[in-house]
Amino acid sequence: MKKGFTLIELLVVISIIAILAGFGTARYLTAERQTRDTQRKSDLNQYRLALENYASANGTLYPPVCGNVSSLCNYSLPSIFKNTYLANACLQDPRLTTNGDYYYCSNSYQYALWAKLETGTNDYYIVCSNGRSGKKTYSAGQTPDISGGACPLQ
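In the numbering used here, the protein residues as written are 34 to 187.
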């Protein structure tokens, strides 16, 4: 009597291992996306703190800029905002690919910050000067309307 495994037994074991590896990979990729989204939320809250500190030192006025946050850090207020309130570090999207960067808009009296999240197809995380923050889902191709710093969260 020969001892060993049949071809069928080996194929079944290999199939089971492949299925388990597939589940593990899918969970890992989901966890990576959630981790990057958590980093985005944390970064936007860091910007909120920097903006509130800036406003406290400048007569309750926020920097009147609209667009990519890098314009706020690198072009609009390079020495004051970036160096003093963000400790010389402009925070950027952890992926810096299709999701773009962080966005900011203010009319000096109010502001809104937002970033696209990876875990939802059209989900955005929004932080406003009125203290509201949260996730909001938009239609395909639509982005948050934060013109003039208006908060899109109800």
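For every residue, glycine included, the Cβ atom is placed at its ideal position computed from N, Cα and C.
Quick check on residue i: buried or exposed, where buried means 16 or more other Cβ atoms within 10 Å of its Cβ?
| i | result |
| --- | --- |
| Arg165 | exposed |
| Gly174 | exposed |
| Asp178 | exposed |
| Lys35 | exposed |
| Leu43 | exposed |
| Arg60 | exposed |
| Phe114 | buried |
| Leu84 | buried |
| Ala64 | exposed |
| Tyr135 | buried |
| Val46 | exposed |
Can the beta-carbon of residue i be found less than 8 Å from the beta-carbon of residue j?
| i | j | result |
| --- | --- | --- |
| Ala148 | Leu82 | no |
| Tyr158 | Val102 | no |
| Pro97 | Ser139 | yes |
| Tyr95 | Tyr87 | yes |
| Pro127 | Gln67 | no |
| Gly153 | Thr170 | yes |
| Ala183 | Ala145 | yes |
| Leu186 | Asp70 | no |
Going by DSSP, which residues form a beta bridge with residue i?
| i | result |
| --- | --- |
| Gly100 | Tyr137 |
| Ile159 | Trp147 and Gly167 |
The alpha helix (DSSP H) with residue i in it runs from where to where?
| i | result |
| --- | --- |
| Ile49 | Leu40 to Ala90 |
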